[in-house]
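To start, the structure itself, in structure tokens.
6 protein chains.
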Amino acid sequence: MATLQLLEYDQMPAASQAVIDDIKATRGVDDVNNFWKVLAHQPDNLKRTWDSLKAIMGPGELDPLVKEMLYIAVSIANNCDYCIHSHTASAFSKGMTSGQYEELIAIVGMAHQTNAMANAMKVPVDAMFDKG
Amino acid sequence: MATLQLLEYDQMPAASQAVIDDIKATRGVDDVNNFWKVLAHQPDNLKRTWDSLKAIMGPGELDPLVKEMLYIAVSIANNCDYCIHSHTASAFSKGMTSGQYEELIAIVGMAHQTNAMANAMKVPVDAMFDKG
Amino acid sequence: MATLQLLEYDQMPAASQAVIDDIKATRGVDDVNNFWKVLAHQPDNLKRTWDSLKAIMGPGELDPLVKEMLYIAVSIANNCDYCIHSHTASAFSKGMTSGQYEELIAIVGMAHQTNAMANAMKVPVDAMFDKG
Amino acid sequence: MATLQLLEYDQMPAASQAVIDDIKATRGVDDVNNFWKVLAHQPDNLKRTWDSLKAIMGPGELDPLVKEMLYIAVSIANNCDYCIHSHTASAFSKGMTSGQYEELIAIVGMAHQTNAMANAMKVPVDAMFDKG
Amino acid sequence: MATLQLLEYDQMPAASQAVIDDIKATRGVDDVNNFWKVLAHQPDNLKRTWDSLKAIMGPGELDPLVKEMLYIAVSIANNCDYCIHSHTASAFSKGMTSGQYEELIAIVGMAHQTNAMANAMKVPVDAMFDKG
Amino acid sequence: MATLQLLEYDQMPAASQAVIDDIKATRGVDDVNNFWKVLAHQPDNLKRTWDSLKAIMGPGELDPLVKEMLYIAVSIANNCDYCIHSHTASAFSKGMTSGQYEELIAIVGMAHQTNAMANAMKVPVDAMFDKG
């Protein structure tokens, strides 16, 4: 149940079609995921979001799989249903092993636990961590 | 301003001292961070937390630096002041470069943006992502 | 799948019926949304919540549509499925345009991104912002 | 660093003074905490908030200490610095023991961990939990 | 739609079966909930999580029903669908009354409101709350 | 206590100086806030963030003050200390009245309360809200 209907390519404004064309070409796919089909109602949001995502998730100093795992970690913390599913699928398609996934889940769970404990007791930050 | 005073080693219950000894030995350090000095009031919590953290952050399929970066990503999403500082410092000590840090910040920011957008429009999860 | 059954008017305690009567009269509707039908199990919560909501969302210095958009923004950040749907529908019924909705989504996404970045790097608050 | 200055009693609008009088009388205190001194700028918010809090935290089926501990649990999850401090202090003043506090911290930490894990893997809700 | 398939007992690795056996024996049940059937893919996570949960939710200074209510409060704040359902069902099975549930919902709602207000205006923590 | 030092203009990489020049020119100010001085360590993040912010917060269908208030609402929900301060100051500088600020705080608090209550009882979304 979305707040806007999914748009298929023929239903999109031309400005959105141009972005979708670039997503397909960049990813080498015939169709795009639902996120883009909803966002296609909003050409400016679509273009800005894709341009940033393309740059940020493209080649860099971090391994593409590490980038996906970081994306999953944030998506879990924000409880974004859609994003957890899409980035977990993407990480598996980039070679994430079952063992790596188990470690990811363990770290994310552990971080939530200690985040809560440190926040709960308002632990003062050690002076040695200050760089600012 | 913590909810409990920091305990120095001599002030800790014996059950907590044993855990602190293991932290020092495992990490090869002379003293522990404030998180442990506060948690030392609660020997059961201290032991359970350290035992899990030691196992989860120890050797595995993921690189130690990747583990720290995942921890940072969650800590940012939960806005845990203490954890952001301690794990960012730890990642730099494990060799995180400025460029990697810039990419980490970019990914975490981007994920927050698209998490919010997907949640906002309640984008339906693509059937192809279903594994369960 | 709710934790309590939806109650239709005839099934509600009398104290809840009185509140439902006021919601219908205030909004000029024949029936109320599911939120109220679940909350009708708890007459005190129902009355307190409706009384506050009626006062806060009623006439004031802010435009009614602006109030709805602020409600949507918070509901997205808290990822409240029900609230996102109900307040987005309400905003459209109060005249929100497609262009305004696109800008709302853009701002909410952007705010999530910079919130995460500022939290990540623990940017110190400028002294000029201090009013307290 | 607050967004509004703390108001002492003589600086408050009369409508706020009346609420502050009721807080002092209800709690048997000579002065109120900073939360109320900031909120005193906004008489309507002050009155609505105090009236609801007085009713909700007053006598009921749950023990007053249990109510405080539930308040702490939510405040930790929302990372509200002020609320964690004020409700933790309040719980101790109502007799919370060190052992109870340790268990509270353990439960809050554990819940954060399993919340994250269940969200991460999108575990489907068991049919037997459905009451709605 | 989970990210991993539910595993029935016969499909689990032996290390997971041993944990499931302990859950069944401890709780006196014939089958376990879906959370454990998903987590059974990851024997180390399963064992660590169950061992901690068993210790934390077992006999202590806090009443078992209070422990469940604290778990619910955190799960609501984190909006964990699965956890809200499972712990609410568990609390009702341990004797939570309708009146107690209404008070729990009221406190959790109220805490979210004042958490937001205190965070919004960055109310400075009273010096009297400082214990650290 | 930031994770990176504040950079003054003369200390920034040239790519960052160019962005800072545009911020100053666009806003008609002599100096920029701390957010930009920290982000100046990361020229790509700085440029992408400013370009998006400039476009999103610039002229559109929503009033500039409404945009700031939406930004504040999200920043409160995410508890971003820096962002709450900077955008609240910005809203006041754009003419937000005390009455409007009181209403904003009331709405944000109320939304948090009903978000929590709807999430707590997992209220099913009314079919009439479905547009997707």
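Protein chains in written order, with numbering that gives the first Met the number 0: chain A, 0 to 131; chain B, 0 to 131; chain C, 0 to 131; chain D, 0 to 131; chain E, 0 to 131; chain F, 0 to 131. Just so you know, even glycine gets a beta-carbon here, dropped at the ideal spot from N, CA and C.
- Between the alpha carbons of B:Val18 and B:Trp49 lies a distance of about 8 Å.
- Chain order gives the chain B residues near D:Glu101 as His40, Gln41, Asp43, Asn44, where near means a beta carbon separation below 8 Å.
- Neighbours of D:Thr96 across chain B, judged by C-beta separation under 7 Å, do not exist; the nearest C-beta is about 12 Å away.
- Within the same chain, Cβ atoms closer than 7 Å to the Cβ of E:Val37 are found at Ala1, Leu3, Leu5, the five residues on either side in sequence being excluded.
- Look at A:Ala90: its C-beta is not under 7 Å from any C-beta on chain B.
- Shown here, D:Gln99 sits in a helix according to DSSP, grouped into three states.
- By the criterion of at least three beta-carbon pairs nearer than 8 Å, the region 71-83 of chain C is in contact with the region 114-129 of chain F.
- For E:His86 and F:Glu101, the gap between their C-alpha atoms comes out near 37 Å.
- Between the C-alpha atoms of B:Asp21 and B:Ala39 there is a straight-line separation of about 13 Å.
- Taking a beta-carbon distance threshold of 7 Å, E:Asn32 does not count as an interface residue toward chain C.
- Taking 4 residues as the minimum length, the alpha helix (DSSP H) runs contained wholly in the region 0-58 of chain F are 13-26, 33-38, 42-56, in order along the chain.
- Within the model, the alpha-carbon separation for E:Asp125 versus D:Asp29 is close to 15 Å.
- The beta-carbon distance between D:Ala72 and E:Leu64, rounded to whole angstroms, is 14 Å. This is too long to meet the 8 Å contact definition.
- Within chain F, no C-beta atom comes nearer than 8 Å to that of B:Ala110; the closest sits roughly 13 Å away.
- Listed in chain order, the non-local C-beta contacts of A:Asn33 below 7 Å within the same chain comprise Leu5, local neighbours out to five positions each way being set aside.
- DSSP places B:Cys82 in the uninterrupted alpha helix (DSSP H) bounded by 80-92.
- Per DSSP, the continuous alpha helix (DSSP H) segment holding B:Leu64 begins and ends at 63-76.
- Put simply, of B:Ile55, B:Asn77, B:Met109 the residue whose alpha carbon is nearest the alpha carbon of A:Ala54 is B:Met109.
- Exposure of D:Met127 is indicated by the presence of fewer than 16 other C-beta atoms within 10 angstroms of its C-beta.
- In this structure, the alpha-carbon of D:Met95 lies about 18 Å from that of E:Met56.
- When C:Leu103, C:Val122, C:Thr25 are compared, the shortest CA-CA separation from B:Met120 is found for C:Leu103.
- Using a CB distance below 8 Å, the part of the region 75-90 of chain A facing chain C consists of Asn77, Asn78, Cys79, ordered along the chain.
- In this structure F:Arg26 is exposed. Its beta-carbon is surrounded by fewer than 16 other beta-carbon atoms within 10 angstroms.
- Residue burial is scored here from C-beta neighbours: B:Ser92 has fewer than 16 other C-beta atoms within 10 angstroms and is therefore classed as exposed.
- Using a CB distance cut-off of 7 Å, E:Ser51 counts as an interface residue toward chain B.
- The residues Asp29, Asp30, Val31, in chain order, have a CB closer than 8 Å to that of D:Lys23 in the same chain once the five nearest residues on each side in sequence are set aside.
- For F:Ala54, the chain A residues whose Cβ falls inside 8 Å of its Cβ are Asp43, Arg47, in order along the chain.
- A direct Cα-Cα distance of roughly 9 Å separates E:Ile106 from D:Glu67.
- For A:Met120, the three-state secondary structure derived from DSSP is helix.
- Burial state of D:Ser97 is exposed, judged by a 10 Å Cβ sphere holding fewer than 16 other Cβ atoms.
- Interface criterion met: the Cβ of D:Thr2 is under 7 Å from a Cβ in chain F.
- Within the region 56-73 of chain C, the residues whose Cβ lies closer than 7 Å to any Cβ of chain F are, in chain order, Gly59, Glu60, Leu61, Val65, Lys66, Met68, Leu69, Tyr70, Ala72, Val73.
- Look at C:Ile104: its C-beta is under 7 Å from a C-beta on chain A.
- If the five residues before and after C:Lys46 are omitted, its C-beta is found closer than 6 Å to the C-beta atoms of Val18, all from its own chain and listed in chain order.
- In summary, C:Ala13 is exposed, with fewer than 16 beta-carbon neighbours lying within 10 Å of its beta-carbon over all protein chains present.
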